[in-house]
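Below is one structure, written out as structure tokens; the observations come after it.
Residue numbers (my numbering): 27 to 665.
Rendered as structure tokens:
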């Protein structure tokens, strides 16, 4: 057994101890680094009271920083691989040994494998014999130092060894060193006496190795410092947890993205919104009432911060101190009316709650549609609009429908006419019926609502109740105004007001209505017999036929001349006859409205009376014509 085997075993144990020391140092440093990161995160979170998202970002930054530092400063130490040769070099540097430990170890390793000195020298780079070598021999794989001087010769720490080797051949490379194109080192001759030299180097190094203190190669200072820092870090964490258990528990919860708050001097026990301590809901448009119960250090007032979820608008109200008891102090505040969901956060003293969502119970938003269907004889299109006020033609049918526009299910929709003045109170409200399974669209039955053949104006009110029992902000009120179907107009005229007893005079008639003429009749009777109770033979009526187009409408204007047969009246001289025109408009299946013209008077005379009437008529016509001509020529003023 070689004398260096014991030294080699000691170097192996030193290698293991150095690796364990590096791992111990790395673990201690990692522990210190983690504790520093946790305390930094605790400080940031405690000062800023971070919400979940900012807290997650801070955790990621701290973890990234710790990982970056560990990769740069800790990972290289534990990933470092040392060989026995590396440790030997370390011993040479630390102890200043004037010996070739590396060369001796290589000689000893070659001897153990049974390799001759000349063969070993021939297959390895000559620099493998140089002390302090850090490269590997091409064959043995052991580190070999390739330190070469400017002259091209390897440099040895032991100059005697070098000169001894060089004395045998005169050139350490051998005779073929200058061969052109030679890439392989020529074998060394056996006349070098290398075996004797190797034994001498090994024996000399073995004696020196017995005096070396290998424990000095263990980095005790670094591991001792790192261990003490780790102990201080662990003690600091333990002291913090024992001194501030509430803060430690809260930090641990918040580290896992919990919502627990840090302990404060003021303790908020309960928060009630509109009398509800649980998840509160507020009806849209109603104000919010907040009651807070606190204990500990209680200030004069507190603050409630409100932020709209949809718009982002924010406001704050002051919590006023109301009552104090053994259980604590009660604060209260009245917030503004809410039209959107809000996040509510309360601060009393140094205590602050996490944001709390206040939901909004939406009131139903509805759209009313009024459709008016005019009678067919009017030839009008249906009117459909979303207003609450509408003007319809007389006789129209009114259809009411309603739709909830914000998606709420409606429980009931009621229609109620509004009485005016001395009118009797309306009957029970009429109920709409749903038209879809979601109960968002409703319709009022026209037949049951008596909204057919509207003949007069009326006002109405619609009440909507949703599934939450909420109504609209205000009842829906509207009105229906009726545009009247005007009655017909009738006129009658004649050129001659004197007739013979047996005459059959001709009269001009004109009838007009805005939607059509239904019937026309001429009536004639003696003047003294015009009362309603006159005998039938004392009056005569002539019905004038009106053309039936076969459609839902009639002609709107009828004019022409009509011959009067007055023989049934048995007229005699000096009778006076009244003649008038009666017109009834057309209103489809309804009864028409009658209108009577102004009557004309006919005098029953003899032939001379008729001639005088004709002459008077001609004279009047001549005078009218003369007046017109003079007025046009401007001659009337010169006469």
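Idealized CB from N, CA, C, for every residue including glycine.
Exposure label - residue i; buried when at least 16 CB within 10 Å
i: residue 105; result: exposed
i: residue 169; result: Reliability of the predicted coordinates at residue 169 is poor, the pLDDT of 41 falling under 50, and no value is obtained from them.
i: residue 254; result: exposed
i: residue 608; result: buried
i: residue 412; result: exposed
i: residue 645; result: exposed
i: residue 364; result: buried
i: residue 44; result: buried
i: residue 617; result: exposed
i: residue 610; result: buried
i: residue 94; result: exposed
i: residue 432; result: exposed
i: residue 500; result: exposed
i: residue 51; result: buried
First and last residue of the uninterrupted alpha helix (DSSP H) at residue i
i: residue 88; result: 78–95
i: residue 269; result: 246–269
i: residue 360; result: Residue 360 -> not in any alpha helix (DSSP H); beta strand (DSSP E) instead, spanning 355–363.
i: residue 416; result: Not the alpha helix (DSSP H): residue 416 falls in the beta strand (DSSP E), residues 415–419.
i: residue 475; result: 472–475
i: residue 104; result: 101–104
Residue i (DSSP reduced to helix, strand or coil)
i: residue 286; result: coil
i: residue 602; result: strand
i: residue 394; result: strand
i: residue 656; result: helix
i: residue 326; result: coil
i: residue 352; result: coil
i: residue 422; result: coil
i: residue 344; result: strand
i: residue 607; result: strand
i: residue 181; result: Bear in mind that a pLDDT of 41 at residue 181, under 50, signals an unreliable position, so the number given afterwards is only what the model happens to contain. Three-state result, residue 181: coil.
i: residue 522; result: coil
i: residue 273; result: helix
i: residue 197; result: Only weak support is given to the placement of residue 197: the predicted model assigns it a pLDDT of 40, under 50, and the question is left unresolved by the model.
i: residue 366; result: coil
i: residue 635; result: helix
i: residue 312; result: coil
i: residue 480; result: coil
i: residue 592; result: coil
i: residue 463; result: coil
i: residue 150; result: For residue 150, the pLDDT reaches just 39, beneath the cut-off of 50, and the residue's location in the model is therefore unreliable, although a value from the coordinates is still provided. The answer is coil: DSSP assigns residue 150 none of H, G, I, E or B.
i: residue 597; result: coil
Among the options, the one whose alpha carbon lies nearest that of residue i
i: residue 459; options: 473, 372, 246, 439; result: 439
i: residue 584; options: 648, 98, 514, 605; result: 514
i: residue 282; options: 659, 518, 82, 484; result: 82
i: residue 435; options: 630, 490, 531; result: 490
i: residue 528; options: 535, 370, 101, 598; result: 598
i: residue 390; options: 497, 501, 72; result: 497
i: residue 85; options: 403, 637, 278, 247; result: 278
i: residue 630; options: 358, 524, 346, 569; result: 524
i: residue 342; options: 316, 323, 437; result: 316
i: residue 423; options: 398, 615, 485, 433; result: 398
i: residue 393; options: 371, 408, 429; result: 429
i: residue 403; options: 540, 547, 57, 591; result: 540
In DSSP terms, what residue i is bridged to
i: residue 441; result: 456, 488
i: residue 378; result: 373
i: residue 404; result: Partner(s): none; residue 404 has no beta bridge.
i: residue 516; result: 537
i: residue 497; result: 491
i: residue 428; result: 394, 468
i: residue 292; result: 322
i: residue 58; result: BP columns for residue 58 are empty, so no partner.
i: residue 50; result: None; residue 50 has no bridge partner.
i: residue 385; result: 307
i: residue 570; result: 546
i: residue 332; result: 341, 370
Continuous beta strand (DSSP E) stretch holding residue i: start and end
i: residue 626; result: 626–630
i: residue 535; result: 532–538
i: residue 622; result: 620–622
i: residue 468; result: 467–469
i: residue 615; result: Here residue 615 belongs to no beta strand (DSSP E), and DSSP marks it neither H nor E.
i: residue 302; result: Premise fails: residue 302 is in no beta strand (DSSP E) and is neither H nor E.
i: residue 549; result: 543–552
i: residue 587; result: 583–589
i: residue 507; result: 502–509
i: residue 411; result: 409–411
Proximity test, Cβ basis, 9 Å: residue i and chain C
i: residue 627; result: In summary, chain C is missing from the structure at hand, where a single protein chain is found.
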